[in-house]
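Convert by adding 8 to the 1-based position in the sequence shown; the result is the number in our numbering.
Glycine included, C-beta positions come from ideal geometry on N, C-alpha and C.
Here the structure is laid out as structure tokens; the discussion comes afterwards.
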Amino acid sequence: MNYDKYIYWNMKSIQIRHAGINDCDGVIDMIKELAIFQNFGSSEITNTSNILIRDGFGSGEKWFQIFVAEANKKENEEEKMLVGFVLFFRSYSSWNGRILRIDDIYVKPEFRGNGVGTKLLKEVAKEAIKENCVRIHWNVLDWNENAKKFYEKCGAKVESDWQMWVLKGESLQNFVKS
Numbered sequence: 009m010n011y012d013k014y015i016y017w018n019m020k021s022i023q024i025r026h027a028g029i030n031d032c033d034g035v036i037d038m039i040k041e042l043a044i045f046q047n048f049g050s051s052e053i054t055n056t057s058n059i060l061i062r063d064g065f066g067s068g069e070k071w072f073q074i075f076v077a078e079a080n081k082k083e084n085e086e087e088k089m090l091v092g093f094v095l096f097f098r099s100y101s102s103w104n105g106r107i108l109r110i111d112d113i114y115v116k117p118e119f120r121g122n123g124v125g126t127k128l129l130k131e132v133a134k135e136a137i138k139e140n141c142v143r144i145h146w147n148v149l150d151w152n153e154n155a156k157k158f159y160e161k162c163g164a165k166v167e168s169d170w171q172m173w174v175l176k177g178e179s180l181q182n183f184v185k186s
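Spelled out as structure tokens, the structure:
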């Protein structure tokens, strides 16, 4: 299928909505696309749609929320395609209180530059306000200048005094055993 945005997809029809179980395969596909874009490769992704369903839509605690961006086909409004997503979750600051943390925000390359990312980020901002959060946090790869410009345009600022540290995999296991 040709995804040429101007010929086949109605850019004015893009809707932002909460993801559902039926969106999980499409979200996983976009997570893999994002990993490739970030030069990590899709083989780094161990998450699956079943895990997303369990952790975000199952009967237990919801570990995250997802908003998806969806476009309608011009000739057939019933035919839709996911063109972006934002995955976020609740966090907490001992200094300030409630925070929302964005893990990933992604818009398919052929749909960038049309306000899709702004719409996704605004939905998270609305959620933050609704939940009385003091801020939203996310990370950006240092080489991703387009993302930095986008976030600056939205009013975000870099907190350059802080570094993100990670304990994972074998290091995590070894630390627990030590």
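Is residue i helix, strand or coil by DSSP?
i	result
Ala27	coil
Lys176	coil
Ser57	helix
Lys2	Absent from the structure is residue 2, since the part of the chain shown begins at 9 and ends at 186.
Ser51	helix
Within a Cβ cutoff of 7 Å, which residues of the same chain sit near residue i, ignoring the five residues on either side of it in sequence?
i	result
Phe96	Phe72, Gln73, Leu108, Arg109, Ile110, Asp111, Val132
Lys70	Gly64
Phe158	Gly125
Ala66	Looking at the sequence itself, residue 66 is Gly, so the reference to Ala does not match. Counting only Cβ-Cβ distances below 7 Å, and skipping sequence neighbours, we find nothing.
Let me make sure I understand the geometry here. Which of the options has the alpha-carbon closest to that of residue i?
i	options	result
Met38	Val148, Gln23, Val91	Val91
Glu78	Ser168, Ile24, Glu153	Ile24
Val166	Trp173, Lys156, Ile44	Lys156
His26	Lys127, Gly163, Thr56, Ser67	Lys127
Ile144	Gly105, Leu175, Glu118, Gly64	Gly105
Enumerate in chain order the residues of its own chain whose CB-to-CB distance from residue i is below 8 Å, with the five nearest sequence positions on each side excluded.
i	result
Glu189	Here the chain has residues from 9 to 186 only, and residue 189 is not among them.
Checklist entry - Fully enclosed by the segment 68-153, which alpha helix (DSSP H) runs are 4 residues long or longer? => result 124-138
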